[in-house]
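Undergrad: For the sequence shown, this note's numbering gives the first residue as 3, with consecutive numbering after it.
Cβ atoms here follow ideal geometry from the backbone N, Cα and C, with glycine treated the same way.
Here it is, the structure in full.
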Amino acid sequence: MKLVVTSWNVNSVRMRLDHVVRFLTETRPDVLCLQETKCPDDRFPSAAFKALGYHHMALNGQKGYHGVAVLSRLPFASTNIMGFCDKNDSRHIAVTLGTGAKAASGVTIHNFYVPAGGDVPDPELNPRFAHKLAFLDELMQWQDRARPTAAPSILLGDLNIAPYEADVWNHKALLNVVSHTPIETTRLEEFRQTSGFVDAIRQLRPVPEKVFTWWSYRSPDWAAADKGRRLDHVWVAPELAPSVTGSAIARETRGWERPSDHVPVSITLNL
Numbered sequence: 003m004k005l006v007v008t009s010w011n012v013n014s015v016r017m018r019l020d021h022v023v024r025f026l027t028e029t030r031p032d033v034l035c036l037q038e039t040k041c042p043d044d045r046f047p048s049a050a051f052k053a054l055g056y057h058h059m060a061l062n063g064q065k066g067y068h069g070v071a072v073l074s075r076l077p078f079a080s081t082n083i084m085g086f087c088d089k090n091d092s093r094h095i096a097v098t099l100g101t102g103a104k105a106a107s108g109v110t111i112h113n114f115y116v117p118a119g120g121d122v123p124d125p126e127l128n129p130r131f132a133h134k135l136a137f138l139d140e141l142m143q144w145q146d147r148a149r150p151t152a153a154p155s156i157l158l159g160d161l162n163i164a165p166y167e168a169d170v171w172n173h174k175a176l177l178n179v180v181s182h183t184p185i186e187t188t189r190l191e192e193f194r195q196t197s198g199f200v201d202a203i204r205q206l207r208p209v210p211e212k213v214f215t216w217w218s219y220r221s222p223d224w225a226a227a228d229k230g231r232r233l234d235h236v237w238v239a240p241e242l243a244p245s246v247t248g249s250a251i252a253r254e255t256r257g258w259e260r261p262s263d264h265v266p267v268s269i270t271l272n273l
């Protein structure tokens, strides 16, 4: 069985509904995980996605900020929402695929939106950066407690960190820029390695190949300048790693009218 799973920070699902519909129509992933939906659950445009065959949805949204969602053509056995840092700010949702998902049954997908962290990489001066570091610390505590890779699982989302030198357009220039500072990259890698997750994109496109998933709105010539970062990730539990046979980064969506600054990131598994 081929299973295609996609992660996309859409930066407002209602504002970019046409983009999501276009992407789903053209690529037909089995599961699409969205971040930064910026939409309360009762205003989520479910009907548009059901019309395309995505009848199974898990939502964790709020008005105007953050928000995560999972759209699926495969049924769920269960869903789960975790909170971090004593905040109810809609940054996680998980689904476990049900028996109707055939060979993918039992696979749990964790969809995360890690705090961006603001502009100043100093937790003493910037509460938003302190929140980001605390969130990463709680991810490690969750790993210690739940051992998510003990079962077939996928962790994905906008993790807002570019961990490797080849994940940014200029490593030296960005060492003191939030998303690529050593304190962030070290903590994210410690979490990934301790938990045992395998970076599926880098498994297929290893360093030193440059891989980007985000280009700033501040750069009107983003395509020519190509000053990107890899902020969006898809990781898999070790037992799923041999099943990962393909990956795709839909860079073309960054050139659509009024786009998100992130692009969809997909992996294909043969189960």
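Please identify the residue among 87, 114 and 141 whose C-alpha is closest to the C-alpha of residue 129.
TA: Position 127 of the sequence shown, counted from the start, is the residue given in the question as residue 129. Taking only the C-alpha atoms, the option nearest residue 129 is 87.
Undergrad: Determine, using beta carbons only, whether residue 273 and residue 106 come nearer to each other than 7 Å.
TA: Here residue 273 refers to the residue found at position 271 of the sequence shown. Here residue 106 refers to the residue found at position 104 of the sequence shown. Yes, they are a contact pair.
Undergrad: Classify residue 103: buried if its beta carbon has 16 or more other beta carbons within 10 angstroms, exposed otherwise.
TA: Counting from one through the sequence shown, the residue named residue 103 turns up at place 101. Under this definition residue 103 is a buried residue.
Undergrad: In this structure, what does DSSP give as the bridge partners for residue 111?
TA: Looking up residue 111 in the sequence shown gives position 109. Note: residue 111 sits in a beta bridge opposite 97 and 156.
Undergrad: Where residue 77 and residue 57 are concerned, what is the direct C-alpha to C-alpha distance, given to the nearest angstrom?
TA: Translated into positions along the sequence shown, residue 77 becomes position 75. Translated into positions along the sequence shown, residue 57 becomes position 55. In a straight line, the C-alpha of residue 77 is about 8 Å away from that of residue 57.
Undergrad: Can at least three beta-carbon pairs, one atom from the segment 28-45 and one from the segment 67-74, be found at a separation below 8 Å?
TA: Short answer: they touch.
Undergrad: From what residue to what residue does the beta strand (DSSP E) around residue 249 run?
TA: Position 247 of the sequence shown, counted from the start, is the residue given in the question as residue 249. That run of the beta strand (DSSP E) goes 246-251.
Undergrad: With a threshold of 6 Å on Cβ separation, who are the neighbours of residue 134 within its own chain once the five nearest residues in sequence on each side are excluded?
TA: Sequence index remark: in the sequence shown, residue 134 carries index 132 (1-based). So the qualifying residues of the chain are 117 and 119.
Undergrad: Start and end of the alpha helix (DSSP H) containing residue 142?
TA: Walking along the sequence shown from the start, residue 142 turns up at place 140. 129-148 is the span of the alpha helix (DSSP H), which, as asked, contains residue 142.
Undergrad: Considering just the uninterrupted stretch of the beta strand (DSSP E) at residue 258, what are its terminal residues?
TA: Your numbering for residue 258 matches position 256 in the sequence shown. Counting along the chain, residue 258 falls outside any beta strand (DSSP E), and DSSP gives it neither H nor E.
Undergrad: Report all residues from its chain with a CB closer than 7 Å to the CB of residue 138; omit the five preceding and five following residues, and keep chain order.
TA: Within the sequence shown, the letter at position 136 stands for residue 138. Same-chain partners within the cutoff: 189, 190 and 193.
Undergrad: Among 229, 211 and 244, whose alpha-carbon lies nearest the alpha-carbon of residue 200?
TA: The sequence position of residue 200 within the sequence shown is 198, counting from 1. Among 229, 211 and 244, the Cα nearest to that of residue 200 is on 244.
Undergrad: Is the CB-CB distance between residue 50 and residue 81 below 7 Å?
TA: Position 48 of the sequence shown holds residue 50. Position 79 of the sequence shown holds residue 81. Cβ distance not < 7 Å, so residue 50 and residue 81 don't count as in contact.
Undergrad: For residue 177, which residues in the same chain have their Cβ closer than 8 Å to its Cβ, ignoring the five residues on either side in sequence?
TA: Sequence index remark: in the sequence shown, residue 177 carries index 175 (1-based). Counting only Cβ-Cβ distances below 8 Å, and skipping sequence neighbours, we find 183 and 184.
Undergrad: For residue 115, is the classification buried or exposed, using 16 other Cβ atoms within 10 angstroms of its Cβ as the cut-off for buried?
TA: Start at 1 with the first residue of the sequence shown, and residue 115 comes out as number 113. The residue is buried, with at least 16 neighbouring Cβ atoms inside 10 Å.
Undergrad: Counting C-beta neighbours from all protein chains within 10 Å, is the total for residue 173 16 or more, i.e. buried, or is it exposed?
TA: Along the sequence shown, one-based indexing puts residue 173 at 171. With fewer than 16 Cβ atoms within 10 Å of its Cβ, residue 173 is classed as exposed.
Undergrad: Determine the contact status of residue 1 and residue 41, defining contact as a CB-CB distance below 7 Å.
TA: A question about residue 1 goes unanswered here, because the residues of the chain that appear run from 3 up to 273.
Undergrad: Taking the alpha-carbon of residue 5 as reference, which of 249, 256, 131 and 140 has the nearest alpha-carbon?
TA: As a first step, residue 5 must be located in the sequence shown, where it is residue number 3. When each option's Cα is compared against that of residue 5, the closest is 249.
Undergrad: Hey, residue 169 and residue 213 are a contact pair by Cβ (cut 8 Å); roughly how many whole angstroms apart?
TA: Translated into positions along the sequence shown, residue 169 becomes position 167. Translated into positions along the sequence shown, residue 213 becomes position 211. Correct: roughly 6 Å between the Cβ atoms.
Undergrad: On the criterion of 16 or more Cβ atoms from any shown chain inside 10 Å, does residue 145 qualify as buried, or is it exposed?
TA: Counting from 1 along the sequence shown, the entry for residue 145 is found at position 143. Answer is buried; the Cβ neighbour count reaches 16.
Undergrad: Name, in chain order, the residues that DSSP records as bridge partners for residue 269.
TA: Counted from its first residue, the sequence shown places residue 269 at position 267. Bridge partners of residue 269: 7 and 249.
Undergrad: Can you give me the Cβ contacts of residue 167 inside the same chain, cut-off strictly under 6 Å, excluding the 5 residues immediately before and after it?
TA: Looking up residue 167 in the sequence shown gives position 165. Excluding residues within five positions, the ones whose Cβ falls inside 6 Å are 173.
Undergrad: Looking at the secondary structure, which residues open and close the alpha helix (DSSP H) in which residue 206 lies?
TA: The residue labelled residue 206 in the question sits at position 204 within the sequence shown. 202-206 is the span of the alpha helix (DSSP H), which, as asked, contains residue 206.
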